[in-house]
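Numbering that gives the first Met the number 0 applies: residue 0 is where the sequence shown begins, and numbers increase by one.
Just so it is clear, CB atoms sit at the ideal spot from N, CA and C, and this is done for glycine as well.
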Amino acid sequence: MLEKLSTETLEVIFDTLPVDLTFVDDTDTVRYYSKGDKRIFRRTPAVIGRKVQDCHPQQSLHKVEQVVSELKSGRRDVAEFWIDLKGRKIYIRYFPVKDKTGKYIGILEVTQDITDLQKIEGEKRLLDEG
């Protein structure tokens, strides 16, 4: 059995991850985003409570709505894309979030700067220097 973690502990855990997280609930409303000075796409507290459709440019709105629809319906288990931004490679993935019964409860956006990951070669073992 898992011990319950406080909301504060969960937030600190999420803020420590080397990815940016944003959660949009089943009504397409932004409910959470991880904090941090190194966030790729800045968020302000004003985004909480906004519809996800209102957080994107008009020219990409049809794509946002298609991805949301496909994740909600189960036609898609993940939506992913990558972009070049200020000399960095940014990897963005969307996952449907479901409760224990399989009911859709929202979407998790995971954004990560993978520029340095793309340079990895060979092996580095735990506690190896360099």
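Asked, Found
"Looking at V23 and I89, is the spacing between their C-beta atoms short of 8 Å?", "no"
"What's the call for T130, buried or exposed, on a 16-neighbour Cβ count within 10 Å?", "Since the first residue of the chain shown is 0 and the last is 129, residue 130 is not available in this structure."
"Where do the N-terminal and C-terminal ends of the beta strand (DSSP E) with D19 fall, by residue?", "19-24"
"Alpha carbon to alpha carbon, how far is E128 from E122? Give it in angstroms, no decimals.", "12 Å"
"DSSP three-state label for F13, please.", "helix"
"Relative to the C-alpha of Y31, which residue among F94, P44, Q52 is closest?", "P44"
"What is the DSSP secondary structure of V77, reduced to helix, strand or coil?", "coil"
"Return the first residue and the last residue of the alpha helix (DSSP H) that E108 is part of.", "No alpha helix (DSSP H) contains E108, which is instead part of the beta strand (DSSP E) from 103-112."
"Please report how far the alpha carbon of T15 lies from the alpha carbon of K37, in whole angstroms.", "11 Å"
"Assign T100 to buried or exposed, taking buried as 16 or more other Cβ atoms, counted over all protein chains shown, within 10 Å of its Cβ.", "exposed"
"For C54 versus V46, is the C-beta distance shorter than 8 Å?", "yes"
"Tell me whether P95 is buried or exposed, calling it buried when 16 or more other Cβ atoms sit within 10 Å of its Cβ.", "buried"
"Nearest by alpha-carbon distance to R87: which of T114, D76, I104, W81 is it?", "T114"
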